[in-house]
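Residue numbering for the sequence shown follows UniProt numbering, starting at 1 and increasing by one per position.
All remarks here apply to the structure that follows.
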Amino acid sequence: MNKYITIFVLICSTLTYSQVSVTYESIIRPIINYNGFNFPDSQKAEIERQILENAKKPEKYVLYYNDGNSFFQRDSNEKLSTREQKTEFFRLKDNRGLYKLSDYIVEEFYGYYPMDDVSVEFTNETQTIENYNCKAALYKIGNDESKVWYTEDIPVSAGPYNYYKVPGLILKVESPNLLCYATNVSKNVSENDIKKMDPTLKVYEGDKLKLKNQEGGIKFLENKRMKASEMIKNMQKN
């Protein structure tokens, strides 16, 4: 009798956590690039002060997970500027890698990342996040190392950005340039909450993806320079 009760509890647990949504807040330390524009040192100091001050304000993101599929994006309630790149990560059921939207304002496409260069080292550190018991792991992507906090109370392989290869939902990521932490966990998710990839956009991977990202970066900088030049001219007129 007890054996059947245990099996029933395990089945119910699996069903309960087949879908989940998480709201995160992220603080990203920006890389300041003047893109060829020369400013006096006094103006640079003020520009950098304002950028770093704004970077202290957390940005909201949302992760949706449903039956092996997941979608991570900037919170739709937060309006992006016309020059701000979108953040969208997609994982498909039975697919080891992930898809990331490459948004260069003037061009969009998807990059496929197989995530073969990820290594995970588990630790004995523990922490409680949003009332969930979490364990820490050192998460290395290539040469970049972060610490992730995951909970086996929600046994799904999912998390923000490109973090997911641990046996539980990731609720916190710590790295030199990023602090991302969960502020709300909910089981109220439907299949419609998970955005589908745009079938009209092309998908690139490997060397072709590297080339497209290089081309997109150049177009993005050219667009930023043009907008900055227009802004400077308007400031000079006034």
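Where a beta carbon is used, it is the ideal one built from N, C-alpha and C, also for glycine.
- request: Report the option in V189, K187, L169, N188 whose CA atom is closest to the CA atom of Y181.
  value: Translated into positions along the sequence shown, residue 181 becomes position 181. Measuring from the Cα of Y181, the nearest candidate turns out to be L169.
Cα-Cα separation between V185 and K147, rounded to whole angstroms: What you label residue 185 is simply residue 185 of the sequence shown in a count that begins at 1. What you label residue 147 is simply residue 147 of the sequence shown in a count that begins at 1. Going from the Cα of V185 to the Cα of K147 covers about 20 Å.
message: Within 8 Å, do at least three Cβ pairs link the segment 123-139 to the segment 103-113?
response: no
query: Residue ranges of each beta strand (DSSP E) run of no fewer than 3 residues wholly in the segment 98-174, ordered along the chain?
result: 98-103, 108-113, 118-129, 132-141, 144-151
- request: With DSSP as the reference, label Y34 as helix, strand or coil.
  value: Walking along the sequence shown from the start, residue 34 turns up at place 34. Confidence in Y34 is poor, its pLDDT being 49 and thus under 50, which makes the residue's placement too unreliable to answer from.
- prompt: In chain order, what residues of the same chain lie with their CB nearer than 8 Å to the CB of D144, ignoring the 5 residues before and after it?
  reply: Along the sequence shown, read from residue 1 onward, the residue named residue 144 stands at position 144. Around D144: S175.
- prompt: By Cβ distance below 6 Å, which residues in the same chain neighbour I7 in space, the five residues on each side in sequence not counted?
  reply: For the purposes of this step, residue 7 is identified with residue 7 of the sequence shown, where counting begins at 1. Summary for I7: the model assigns pLDDT 41, below 50, so the residue's position carries little reliability, and this model does not support an answer.
- prompt: Counting pairs of Cβ atoms below 8 Å between the segment 150-166 and the segment 195-213, do you hit three or more?
  reply: no
- prompt: For F72, which residues of its own chain have a beta-carbon under 6 Å away from its beta-carbon, when the five flanking residues on both sides are left out?
  reply: To locate residue 72, count along the sequence shown from 1; it is residue 72. Here the set comprises L63, F89, P160.
message: According to DSSP, F89 sits in a beta bridge with which residue or residues?
response: For the purposes of this step, residue 89 is taken as residue 89 along the sequence shown, with counting starting at 1. Its beta-bridge partners are F72, K100.
message: Threshold first: 3 residues or longer. Then list the beta strand (DSSP E) segments lying entirely within the segment 182-217, N to C.
response: 203-205
message: In the DSSP output, which residue or residues are listed as bridge partners for E78?
response: Taking the sequence shown and counting its residues from 1, one reaches residue 78 at position 78. Answer is none; E78 lacks a bridge partner.
- request: Grab me the residues of Q85's own chain with a C-beta within less than 6 Å of its C-beta, minus the 5 sequence neighbours each way, in chain order.
  value: The residue you call residue 85 lines up with position 85 of the sequence shown. Excluding positions up to five away in sequence, the list reads D103.
message: Please report the distance separating the alpha-carbon of P58 from that of L179.
response: As a working note, residue 58 is residue 58 in the sequence shown. As a working note, residue 179 is residue 179 in the sequence shown. Rounded to the nearest angstrom, the two C-alpha atoms are 9 Å apart.
field: Nearest-angstrom Cβ-Cβ length linking V173 and K140, presumed shorter than 8 Å
entry: Numbered from 1 along the sequence shown, position 173 holds the residue referred to as residue 173. Numbered from 1 along the sequence shown, position 140 holds the residue referred to as residue 140. 13 Å between Cβ atoms; not a contact.
field: Y204 versus N69: straight-line alpha-carbon distance, rounded
entry: As a first step, residue 204 is located in the sequence shown; it is residue number 204 there, counting from the start. As a first step, residue 69 is located in the sequence shown; it is residue number 69 there, counting from the start. Looking at the two C-alpha atoms, the distance is approximately 20 Å.
field: Beta-carbon spacing of L201, L101 below 9 Å
entry: What you label residue 201 is simply residue 201 of the sequence shown in a count that begins at 1. What you label residue 101 is simply residue 101 of the sequence shown in a count that begins at 1. It is a contact, given that the beta carbons lie within the stated cut-off.
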